[in-house]
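Peer 1: To start, I am sharing the structure in question, which I have written as structure tokens.
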Amino acid sequence: MSGIVERYKGFVEAYRQRHDNCNPGFFKCAKYALKAFFGYSVKVHDAGKHIIKGPGNSNTPAAKGLDSRMVAGMNEHSVCRDPIEAPEGYHRVGVPDDKVSWNSPFEDYKPSEYNAVSVLRQPVWADPLKPKDVNWKDKAHQSHLGEIKFDQTGMPLNPKGRTGTEGRGQLGKWGPNHAADPIITRDGPDGSYELLLIKRGDNGQWALPGGMVDPTDESFSAAAIRELAEEALNSPEVLDDDIKSQLASLEDQLKRKGKTDKEIETRITGLRNKLVFEKLKDSPGFQQPEEVYKGYVDDRRNTDNAWIETAAYHTHIEGSNPYLNKPEAGDDAEHAQWVEVTPELVNSLYASHPDIVKNVPRIKEICA
Ligand code: RP5
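Counting in our numbering, the sequence shown runs from 56 upward without gaps.
Right, dumping it as structure tokens:
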């Protein structure tokens, strides 16, 4: 019994470190300990917890109080091993740092498999149920990290190692799931520097306004700009007369055909996003956005057999761009806003976004 009490105390301490030395209270700690001991799934944190008010970085392994806390380089594969960060439905088993690599024997490693119902229903964006039925030669399944390795049963293996969960989790594809991220910056008042961010609808964390690449996207950079339009440019102010008249004529057509309000809304949103995207990509700075990252993302949805990779593109807005003056959230984003770049903000961003945005020299300089 005393061993359990000691372990509980250890988890309380870990919780405190994770949450910037707050005093979490008995029940929050108990929930945290339950999940860590038994994989019992409870929500222990509120939306917005990642906004850091003082110095400190809850995203680094050191702040997590977990296995990886003192290990250099482990922060590229630590969020996706963290049982507390995992979305509902994931039950991660612990993977010590020295057992992350597939080359390290780990006989007791028995992760549970998780495939979200939304994926098992086989929507258009999801792969077949078994990896053996995937066309591993198609473009969507190529990894930025080179050749994909498979285990003896034909399961693709996460290139960064074990995550504590098998299956696809919430991800649609076996192997790499390609995302694209826009990094949009501008000069702020009094010599400050600003970054266009969204607050994610799923966990309330500040993030780049990126998303998953669609088969219809011409390129990764086009996907990043499309996502920007969908997630952050929902303000009516971005609609010029040309867009307004095209939307009005589609609405008339659909009404004449007797379409339901829901169908009309979906079609209008689709056309709106497409038209805003087309105008935005022709606006200054977007013709050739600079690629600053291509690789793995330490995303909380990753598993042993499915993971997110991204390509990130930087555009600095000189002067005023009518599309970007007043960001407004769309799609699954909760909020969109220009935010002043500070080390605390950058280090609190979602998944690998802290490291990704530091590839922009000015952001790296501010965070140094
Ligand atoms: C991150 O999740 C990527 O870097 C990208 O920003 C995002 C894609 O997922 P959704 O926003 O579509 O959920 O890993």
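Where a beta carbon is used, it is the ideal one built from N, C-alpha and C, also for glycine. The model shown is predicted, which means the values in this text are computed figures rather than measured ones.
At the level of alpha carbons, what is the spacing between residue 171 and residue 136?
Peer 2: Each residue's alpha carbon lies about 18 Å from the other.
Peer 1: With a threshold of 7 Å, establish whether the CB of residue 268 neighbours any heavy atom of the ligand RP5.
Peer 2: No - the ligand RP5 has no heavy atom lying nearer than 7 Å to the Cβ of residue 268.
Peer 1: Exposed or buried, which one is residue 288 when buried takes at least 16 other CB atoms within 10 Å?
Peer 2: Residue 288 is buried by the Cβ-count criterion.
Peer 1: Taking 8 Å as the CB-CB limit, is residue 256 close to chain C?
Peer 2: The structure shown has no chain C; it contains just one protein chain.
Peer 1: So does residue 251 have its beta carbon nearer than 7 Å to some heavy atom of the ligand RP5?
Peer 2: No, the ligand RP5 has no heavy atom inside 7 Å of this Cβ.
Peer 1: How would you write the range of the beta strand (DSSP E) that residue 250 sits in, first residue to last?
Peer 2: Unbroken beta strand (DSSP E) run through residue 250: 248-255.
Peer 1: Would the C-beta of residue 394 count as close to the ligand RP5, meaning under 7 Å from any of its heavy atoms?
Peer 2: Flag unset: Cβ of residue 394 not near the ligand RP5.
Peer 1: With DSSP as the reference, label residue 140 as helix, strand or coil.
Peer 2: Coil at residue 140, not helix or strand.
Peer 1: Three Cβ pairs or more, each shorter than 8 Å: is that satisfied between the stretch 392-402 and the stretch 360-369?
Peer 2: Contact between the stretch 392-402 and the stretch 360-369 is absent, because fewer than three Cβ pairs lie under 8 Å.
Peer 1: Is the separation between the beta-carbon of residue 435 and that of residue 239 shorter than 8 Å?
Peer 2: This structure cannot speak to residue 435, because the chain is shown only from 56 to 423.
Peer 1: Does the distance from the C-beta atom of residue 332 to that of residue 298 stay below 8 Å?
Peer 2: Not a contact, by the Cβ cut-off of 8 Å.
Peer 1: Report the residue from 422, 293, 204, 228 whose alpha carbon sits nearest the alpha carbon of residue 177.
Peer 2: Nearest option by C-alpha distance: 228.
Peer 1: Give a single yes or no on whether residue 263 has its beta carbon closer than 7 Å to a heavy atom of the ligand RP5.
Peer 2: Because some heavy atom of the ligand RP5 lies under 7 Å away, the Cβ of residue 263 counts as near it: yes.
Peer 1: Do you know offhand how far residue 355's Cα is from residue 296's?
Peer 2: Spanning the two alpha carbons is a distance of roughly 42 Å.
Peer 1: Considering only C-alpha positions, which residue in the set 208, 207, 181, 161 is nearest to residue 196?
Peer 2: The residue with the shortest Cα to Cα distance from residue 196 is 181.
Peer 1: Would you grab the beta carbon distance between residue 147 and residue 265 for me? Rounded to a whole angstrom, and I think it's under 8 Å.
Peer 2: Their Cβ separation, rounded to whole angstroms, is 24 Å, which puts residue 147 and residue 265 out of contact at 8 Å.
Peer 1: Contact between the stretch 302-310 and the stretch 254-265 is defined here as three or more beta-carbon pairs at a separation below 8 Å; is this criterion met?
Peer 2: Taking 8 Å as the limit for Cβ pairs, the verdict is that the stretch 254-265 does not touch the stretch 302-310.
Peer 1: Could you tell me whether any non-hydrogen atom of the ligand RP5 is closer than 7 Å to the CB of residue 363?
Peer 2: Yes, the ligand RP5 has a heavy atom inside 7 Å of this Cβ.
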